[in-house]
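This report refers to the structure that appears directly beneath it.
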Amino acid sequence: MASVLTYLNESLSEDLSAVKILIYSLPVFYCSNLFIKGEMTGFYLWASIFGVLFLGLLTKAINNVRTNKTEVLTLNPIKLFYSIILTVICLIPQILIFGAIGWLISTHLQIPVELPHFQLIFDVIVWALIISIILTSYLSFAKYLNPLESFNYKVIFASCVDILVSFMFFIPQLLLVNFVLIGPAAALCAEFNIPFTHGVFVLYCSIIFVINIPLLASYFAQSAFEHIKESNQSYDDNFKINDVIEDIAERLQ
Numbered sequence: 138m139a140s141v142l143t144y145l146n147e148s149l150s151e152d153l154s155a156v157k158i159l160i161y162s163l164p165v166f167y168c169s170n171l172f173i174k175g176e177m178t179g180f181y182l183w184a185s186i187f188g189v190l191f192l193g194l195l196t197k198a199i200n201n202v203r204t205n206k207t208e209v210l211t212l213n214p215i216k217l218f219y220s221i222i223l224t225v226i227c228l229i230p231q232i233l234i235f236g237a238i239g240w241l242i243s244t245h246l247q248i249p250v251e252l253p254h255f256q257l258i259f260d261v262i263v264w265a266l267i268i269s270i271i272l273t274s275y276l277s278f279a280k281y282l283n284p285l286e287s288f289n290y291k292v293i294f295a296s297c298v299d300i301l302v303s304f305m306f307f308i309p310q311l312l313l314v315n316f317v318l319i320g321p322a323a324a325l326c327a328e329f330n331i332p333f334t335h336g337v338f339v340l341y342c343s344i345i346f347v348i349n350i351p352l353l354a355s356y357f358a359q360s361a362f363e364h365i366k367e368s369n370q371s372y373d374d375n376f377k378i379n380d381v382i383e384d385i386a387e388r389l390q
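Written out as structure tokens, the structure reads:
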């Protein structure tokens with residue numbers, strides 16, 4: 138619990154963090170209102186668009202934390218767009234390849250063991266490993282925004298179990314923090330018969346959603362540092378590449 142509180146403190150301590158969180162909460166608020174109104178076509182469309190945007194934002198935030206930048210969330214559209222493009226390029230092949238492998242195993246491989254729910258347990262283990270491989274591939278890339286690292290399967294396979302175990306221990310902490318942040322507001326609404334669809338409560342929940350992005354970025358950056366092995370030369374090369382990219386982006390502003 139101490140670690141997640143540290144990540145939360147880091148998420149809120151950067152310059153203009155409140156402004157950035159409020160700006161990025163507006164798309165979440167908009168999509169939430171579409172869902173509340175039952176406009177599902179618009180909801181799915183904008184949720185998909187903003188989902189990709191937030192994934193790119195998370196990627197850049199991981200990179201910022203991992204390379205000791207002063208900011209976590211970026212408002213720079215060039216950096217954000219660059220991060221989104223690289224994230225899509227790196228993640229889509231991994232999802233297609235390992236998603237297909239997971240589907241083939243869970244669909245066609247039947248374990249001849251007569252134990253209750255054994256096949257279900259087997260499928261859960263298979264998909265947990267598949268997800269851990271994709272997540273490790275993503276974190277390998279996000280550290281320095283180096284697409285080649287997402288295909289370094291020797292490192293990925295050696296690290297994916299550690300990443301999975303670490304993430305499983307982190308999820309309850311993340312859920313508890315969100316419960317503490319949202320619970321009192323929800324209780325207040327219930328006490329005064331304020332609907333949970335009220336605009337103020339929806340906006341507050343949207344803000345909490347965005348707060349999770351830098352929180353996750355801090356955790357993922359630390360997890361990548363601890364569990365994904367790399368050589369000193371690899372670190373030096375990636376750090377130099379990242380510095381060049383940052384310099385070009387700043388010059389284009």
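Residue numbering for the sequence shown follows my numbering, starting at 138 and increasing by one per position.
Backbone N, C-alpha and C fix where the C-beta goes; we use that ideal spot for every residue, glycine too.
So histidine 364 and serine 296 are supposed to be a Cβ contact under 8 Å. How far apart are they, rounded?
Stepping through the sequence shown from its first residue, residue 364 is reached at position 227. Stepping through the sequence shown from its first residue, residue 296 is reached at position 159. Right, their Cβ atoms sit about 5 Å apart.
Going by CA-CA distance only, name the one from Ala361, Val141, Ser162 and Leu217 that's closest to serine 269.
Locating residue 269 in the sequence shown gives position 132, counting from the first residue. The candidate whose alpha carbon is nearest that of serine 269 is Ala361.
Excluding the five sequence neighbours on either side, which residues of its own chain have a C-beta within less than 8 Å of the C-beta of leucine 272, listed in chain order?
What you label residue 272 is simply residue 135 of the sequence shown in a count that begins at 1. Contacts found: Cys297, Ile300, Leu301 and Phe304.
Please name the residue in Ile242, Ser140 and Ala279 whose C-alpha comes closest to that of leucine 228.
On the sequence shown, residue 228 is found 91 positions in, with the first residue counted as 1. Checking every option, the nearest Cα to that of leucine 228 belongs to Ala279.
Rounded to the nearest angstrom, how far is the Cβ of leucine 217 from that of leucine 195, given a contact under 8 Å?
Residue 217 sits at position 80 when you count from the first residue of the sequence shown. Residue 195 sits at position 58 when you count from the first residue of the sequence shown. Not confirmed; about 11 Å, so no contact.
Of the choices Tyr161, Ile158, Ala155 and Phe166, whose alpha-carbon is the least far from that of valine 339?
Here residue 339 refers to the residue found at position 202 of the sequence shown. Ranking the options by Cα distance to valine 339, first place goes to Phe166.
Mind checking whether asparagine 213 and leucine 282 have CB atoms under 8 Å apart?
Counting from 1 along the sequence shown, the entry for residue 213 is found at position 76. Counting from 1 along the sequence shown, the entry for residue 282 is found at position 145. Not in contact: asparagine 213 and leucine 282 (Cβ atoms no closer than 8 Å).
With distances taken Cα to Cα, identify the nearest neighbour of alanine 354 among Phe306, Val263 and Leu192.
In the sequence shown, the residue the question calls residue 354 occupies position 217. Nearest of Phe306, Val263 and Leu192 to alanine 354, Cα basis: Leu192.
Using C-beta distances below 8 Å, list every residue in its chain close to isoleucine 267, excluding the 5 sequence neighbours before and after it, in chain order.
If you number the sequence shown from 1, residue 267 lands on position 130. Counting only Cβ-Cβ distances below 8 Å, and skipping sequence neighbours, we find Phe235, Gly236, Ile238 and Gly239.
Is DSSP giving aspartate 260 helix, strand or coil here?
Counting from 1 along the sequence shown, the entry for residue 260 is found at position 123. It is helical.
Only counting the same chain, and skipping five residues up and downstream in sequence, which positions put a Cβ closer than 8 Å to that of valine 314?
One-based indexing of the sequence shown puts residue 314 at position 177. So the list reads Val141, Leu142, Leu145 and Leu352, once near-sequence residues are dropped.
Around the C-beta of leucine 149, are 16 or more other C-beta atoms found within 10 angstroms, so that it is buried, or is it exposed?
For the purposes of this step, residue 149 is taken as residue 12 along the sequence shown, with counting starting at 1. Exposed: under 16 other Cβ atoms inside 10 Å.
At the level of alpha carbons, what is the spacing between glutamine 359 and proline 309?
Within the sequence shown, the letter at position 222 stands for residue 359. Within the sequence shown, the letter at position 172 stands for residue 309. Their backbone Cα atoms lie some 17 Å apart in a straight line.
So the alpha helix (DSSP H) isoleucine 331 belongs to, where does it begin and stop?
To locate residue 331, count along the sequence shown from 1; it is residue 194. Here isoleucine 331 belongs to no alpha helix (DSSP H), and DSSP marks it neither H nor E.
For serine 274, I'd like the list of residues in its chain whose CB is within less than 6 Å of its CB, leaving aside the five on either flank, ordered along the chain.
Your numbering for residue 274 matches position 137 in the sequence shown. Answer for serine 274: Gln231, Ser287 and Ile293, listed in chain order.
Whole-angstrom Cβ separation of isoleucine 158 and valine 347, contact assumed at under 8 Å?
On the sequence shown, residue 158 is found 21 positions in, with the first residue counted as 1. On the sequence shown, residue 347 is found 210 positions in, with the first residue counted as 1. Contact flag correct, Cβ pair sits at about 5 Å.
For serine 277, count the other beta carbons within 10 Å of its own beta carbon; 16 or more makes it buried, fewer makes it exposed. Which is it?
The residue labelled residue 277 in the question sits at position 140 within the sequence shown. Buried, by the Cβ-count rule.
What span of residues does the alpha helix (DSSP H) with isoleucine 234 cover, start to end?
Here the question's residue 234 lines up with position 97 in the sequence shown. Isoleucine 234 -> alpha helix (DSSP H) spans 214 to 245.
Quick one: measure Cβ to Cβ for isoleucine 345 and isoleucine 319, integer angstroms, because I've assumed they're closer than 8 Å.
Here residue 345 refers to the residue found at position 208 when the sequence shown is read from its first residue. Here residue 319 refers to the residue found at position 182 when the sequence shown is read from its first residue. Right, their Cβ atoms sit about 6 Å apart.
Would the beta-carbon of isoleucine 271 be found less than 7 Å away from any heavy atom of the ligand MN?
The ligand MN is absent from the structure shown, which contains no ligands of any kind.
Per DSSP, what kind of secondary structure is tyrosine 281 in: helix, strand or coil?
Sequence index remark: in the sequence shown, residue 281 carries index 144 (1-based). Reduced to three states, the DSSP call for tyrosine 281 is coil.
Tyrosine 124 versus leucine 171 - alpha carbon distance:
Nothing in the structure corresponds to residue 124, since the chain is present only between 138 and 390.
Roughly how many angstroms lie between the CA atoms of glutamate 387 and lysine 197, to the nearest whole one?
Locating residue 387 in the sequence shown gives position 250, counting from the first residue. Locating residue 197 in the sequence shown gives position 60, counting from the first residue. The predicted position of glutamate 387 is uncertain, since its pLDDT is 49 and thus under 50; a value taken from the coordinates is nonetheless stated next. Looking at the two C-alpha atoms, the distance is approximately 15 Å.
Quick one: what's got a C-beta closer than 6 Å to serine 243's C-beta in the same chain, skipping five residues either side?
Sequence index remark: in the sequence shown, residue 243 carries index 106 (1-based). So the qualifying residues of the chain are Asp260 and Val263.
Residue range of the alpha helix (DSSP H) that proline 164 falls in?
Translated into positions along the sequence shown, residue 164 becomes position 27. Looking at the DSSP string, the run of the alpha helix (DSSP H) that includes proline 164 is 154 to 173.
Give the straight-line distance between the Cα atoms of threonine 334 and phenylalanine 357, rounded to the nearest whole angstrom.
Locating residue 334 in the sequence shown gives position 197, where the first residue counts as 1. Locating residue 357 in the sequence shown gives position 220, where the first residue counts as 1. Going by the C-alpha atoms only, they are around 32 Å apart.
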